[in-house]
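Right, one structure below, let's go through it.
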Amino acid sequence: MKILGIESSCDETAASIIQGNNQDIKVLSNIVSSQIEIHKKYGGVVPEIAAREHVLNILPVIDNALTDANISKKNMSKEIDAIAVTIGPGLVTSLLTGIETAKTISYVKNIPIIGINHIEGHIYANFIENTDIKFPAVIMTVSGGHTMLVLMKNHLEYELLGETRDDAAGEAFDKSAKLLELSYPGGPIISKYANTFKQSGKKSDLNLPRPMIHDKNFEFSFSGLKTAVLYKVRNDKNWKNRIPEYCYEIQQAIIDVLVFKTIKASKKFSVKTVMLAGGVSANTELRTQLETAVKKEISSAKFIKPKMKYTTDNAAMIASAGYFHALKNDFHMWQNIKVDCNSEIG
Ligand code: KG4
Ligand code: ZN
């Protein structure tokens, strides 16, 4: 079965063709047109600009995805079994472009369509070229807009264990970077400086808080961390000379909370798999530290992480989720596919 995935929820216009066979997913093409360079000068995503860029990029991106997968537009109806498109959460005006394009192709080419939740897409990035994932699984889903600890009992069956009460983990990286006058997005640059500090072998005495780490629930809160960084910087005349140390401590504070709660949930639910998902899962220190903790503390569970190219927004992950919905005949009428900013997984 071949699926065309389309993603346009934030600042990446993406299209991908995947082939699924007995739950084994191969990526035939994966095109991502990123707007990061455009939004960088504003220090974050400007929704109006993002929307306009999606309109310009969506058709060339889909064309390239078809070409890379050796599928001609003429043969689309025969070759593609379903279109999977992100319906939310995300920016309304960005989502609209992907959705309306997907609906048009579905109508004109008579190809079934499936609406996909963006977070579910991130989770299904783990299932690309990986047939060895056992349930139950706990997934730490960390992106620019979401921080969710999810228990996955089977394919497409989820229980939300906890989420952030305020800022997402990615937002904590992005906003802290802004306070330190670093560029957008904050995650990659904070991670780079944090590495420099780690390699220096020095110890940090910044002592930032690890919000809610010892609370009994699986909830998160990262806005206090950002405020703590703000006050530290305000009271530190030398902060500009200590950027790597600030980055190291910010990253470690976020990782400590994420790892502690993921391990706690994994033990509580005796899971067989622990996974990472979302843009922040590109963070190498988080990948390594969670893997080490799983190996040390839960010998019966396996740690799985998405391949680097499928961590941040892409359409292969949307097509991957679409494939598992298609196996359940979970198709929609194109007329019923609409933007759903409050879309929930499951
Ligand atoms: O999943 P994603 O591409 O978009 C959303 O769905 O939000 O995630 C983007 C987020 C941004 O906050 C970005 O700073 C963060 O992922 N990110 C990282 C890294 N790469 C991207 N955070 C930490 N370390 C990274 N290497
Ligand atoms: Zn995302």
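Counting in the numbering used here, the final residue of the sequence shown is number 348, and the numbers go up one at a time with none missing.
Beta carbons: idealized from backbone N, C-alpha and C, even for Gly.
The model shown is predicted, which means the values in this text are computed figures rather than measured ones.
**Cross-strand partners of residue 119 (DSSP beta bridge)** = 90
**Request:** With DSSP collapsed to three states, give me the class of residue 317.
**Result:** coil
**Message:** Below 8 Å, is the gap between the Cβ of residue 176 and the nearest heavy atom of ligand 1?
**Reply:** At least one heavy atom of ligand 1 is nearer than 8 Å to the Cβ of residue 176, so yes.
**Item:** Rounded C-alpha distance that separates residue 100 from residue 240
**Value:** Looking at the two C-alpha atoms, the distance is approximately 46 Å.
**Message:** With a threshold of 6 Å on Cβ separation, who are the neighbours of residue 276 within its own chain once the five nearest residues in sequence on each side are excluded?
**Reply:** 140, 268, 296, 303 and 305
**Request:** Quick one: residues with CB closer than 5 Å to any heavy atom of ligand 2, in chain order, please.
**Result:** 145 and 315
**Message:** Is it the case that the stretch 37-57 contacts the stretch 325-345, given that we only count it when at least three CB pairs across the two stretches are under 8 Å?
**Reply:** In this structure the stretch 325-345 does not touch the stretch 37-57; the number of beta carbon pairs closer than 8 Å is below three.
**Item:** Residues near residue 136 in its chain [Cβ-Cβ closer than 6 Å; skip 5 each side]
**Value:** 274 and 275
**Asked** Taking Cβ to Cβ, would you say residue 251 is nearer than 9 Å to residue 210?
**Response** yes
**Asked** Closest by CA to residue 320, which one among 70, 237, 129 and 270?
**Response** 129
**Request:** Could you tell me if residue 145 is buried or exposed, where buried requires 16 or more neighbouring beta carbons within 10 angstroms of its beta carbon?
**Result:** buried
**Request:** Quick one: grab the DSSP three-state call for residue 280.
**Result:** coil
**Asked** Apart from the five residues on each side of it in sequence, which residues of its chain come closer than 6 Å, Cβ to Cβ, to residue 36?
**Response** 14
**Request:** Check whether the Cβ atoms of residue 232 and residue 255 lie closer than 9 Å to each other.
**Result:** no
**Asked** Taking just the CA atoms, how far does residue 147 sit from residue 171?
**Response** Cα to Cα, residue 171 sits roughly 8 Å from residue 147.
**Message:** Which residues does DSSP list as the beta-bridge partners of residue 32?
**Reply:** 18
**Top-ranked residue by Cα proximity to residue 132, from 308, 121, 10 and 332** = 308
**Request:** Please say whether residue 164 and residue 221 have beta carbons closer to each other than 9 Å?
**Result:** yes
**Asked** Straight-line CA distance for residue 246 to residue 284?
**Response** Approximately 19 Å between the Cα atoms of the pair.
**Coil, strand or helix - residue 219 by DSSP** = coil
**Item:** Segment contact flag, the stretch 27-34 with the stretch 78-95, C-beta cutoff 8 Å, min 3 pairs
**Value:** No contact exists between the stretch 27-34 and the stretch 78-95.
**Contacts around residue 191, its chain only, beta-carbon distance under 7 Å, and the 5 residues preceding and following it disregarded** = These residues qualify, in order along the chain: 179, 184 and 185.
**Request:** Using only alpha-carbon positions, find the residue among 108, 40, 58 and 54 that is nearest to residue 6.
**Result:** 108
**Asked** What do you reckon, are the CB atoms on residue 286 and residue 127 nearer than 9 Å?
**Response** Taking 9 Å as the Cβ cut-off, residue 286 and residue 127 do not qualify as a contacting pair.
**Strand pairing of residue 162, partner residues [DSSP]** = 152
**Message:** Would residue 344 and residue 91 be called neighbours here (beta carbons separated by less than 9 Å)?
**Reply:** yes
**Request:** Confirm the yes/no value for this check: CB of residue 27, any heavy atom of ligand 1, distance under 8 Å.
**Result:** no
**Item:** Closest residue to residue 248 among 155, 181, 168 and 272 (Cα-Cα distance)
**Value:** 181
**Prompt:** Within this structure, are the beta carbons of residue 271 and residue 114 separated by less than 9 Å?
**Reply:** no
**C-alpha gap between residue 217 and residue 55, whole angstroms** = 42 Å
**Asked** How is residue 334 classed by DSSP in three states: helix, strand or coil?
**Response** strand
**Asked** Does the distance from the C-beta atom of residue 111 to that of residue 82 stay below 9 Å?
**Response** yes
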